[in-house]
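All you need for my numbering is the position in the sequence shown, starting with 1, plus 1184. For every residue, glycine included, the Cβ atom is placed at its ideal position computed from N, Cα and C. To start, the structure itself, in C-alpha cells.
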Amino acid sequence: MYDVQCQASAFNLSKQPTAEIQHGDMLLHLVEEGGRLSLTYYSAFEDNVREYAVFEGELLALHTGSLTYDYTLNMTDYKFSDVSHLNEYLLHELNLDSLKIGQLFPQSIQVLDADLARHFLVIKFSPSNQLWACNLLY
C-alpha cells in the first residue's frame, strides 16, 4: 500500500492584460493498494471556494523497467465552482476533453524519483507530462 500526498501552488493567469494574477493551493492525495488506485484532487483559490475531484482506478499494467503504472480511471465524485480552476487543470493533466462521472479513461503514472528514507517521491502523469513532488505517507 502506498499513501502519497502532493501539494503545489497554483496560479491562474488571465488572458486579460490588466487582470490580477490569482494564487491558490492544490493538493493531490494518491492511495494505491493491491492494484486499486484512488486519486483525490483539492483546490482552493478563494477563501470561500473549495473544489475537489475523486478518481478510482484499476491497474492494467506495470512496466518495471520504467516504473510506469498504467491505469483505467473513473471519476466518482466532484465539486467544481462555476468558474472552476480545478476542472481546467484536470482536463490538461488527465488529457481529456471533458470530465464526467462514470467516464473511463486511461492514465499512466511514472515514478521518476524516490527517496524512501526521506519519504519523497516524484511522479509524472502521461501523456500530459505533469509532474508532482510528493510526500510518501505509507
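Would residue i and residue j qualify as a contact pair, given that the criterion is a beta-carbon distance under 9 Å?
| i | j | result |
| --- | --- | --- |
| S1332 | E1240 | Since the displayed the chain opens at 1185 and closes at 1322, residue 1332 lies outside it and no answer follows. |
| E1216 | M1259 | no |
| L1288 | L1246 | no |
At what residues does the alpha helix (DSSP H) containing residue i begin and finish?
| i | result |
| --- | --- |
| N1319 | Careful: N1319 lies outside any alpha helix (DSSP H), inside the beta strand (DSSP E) at 1314-1320. |
| L1275 | 1269-1277 |
Can you find the residues in the same chain that come closer than 7 Å, C-beta to C-beta, to residue i, ignoring five residues on each side of it along the sequence?
| i | result |
| --- | --- |
| S1268 | E1235 |
| K1263 | E1235, Y1236 |
Am I right that residue i and residue j are in contact with their C-beta atoms under 8 Å? What's the rounded C-beta distance?
| i | j | result |
| --- | --- | --- |
| Q1191 | L1211 | 5 Å |
| V1188 | C1318 | 5 Å |
| L1251 | V1306 | Not a contact, Cβ separation roughly 11 Å. |
Who are the Cβ neighbours of residue i in its own chain at under 8 Å, not counting the five residues just before and after it?
| i | result |
| --- | --- |
| F1275 | For the sequence presented, residue 1275 should be read as Leu rather than Phe. If we look at L1275 and ignore the five residues flanking it on each side, its Cβ neighbours are D1281, S1282, L1283. |
| Y1255 | L1221, G1241, E1242, L1243, L1244, P1290, Q1291, S1292, I1293 |
Where do the N-terminal and C-terminal ends of the beta strand (DSSP E) with residue i fall, by residue?
| i | result |
| --- | --- |
| N1258 | 1252-1263 |
| L1243 | 1233-1247 |
| P1311 | From DSSP, P1311 is part of no beta strand (DSSP E); its letter is neither H nor E. |
| I1285 | First-last for I1285: undefined, no H or E at that position. |
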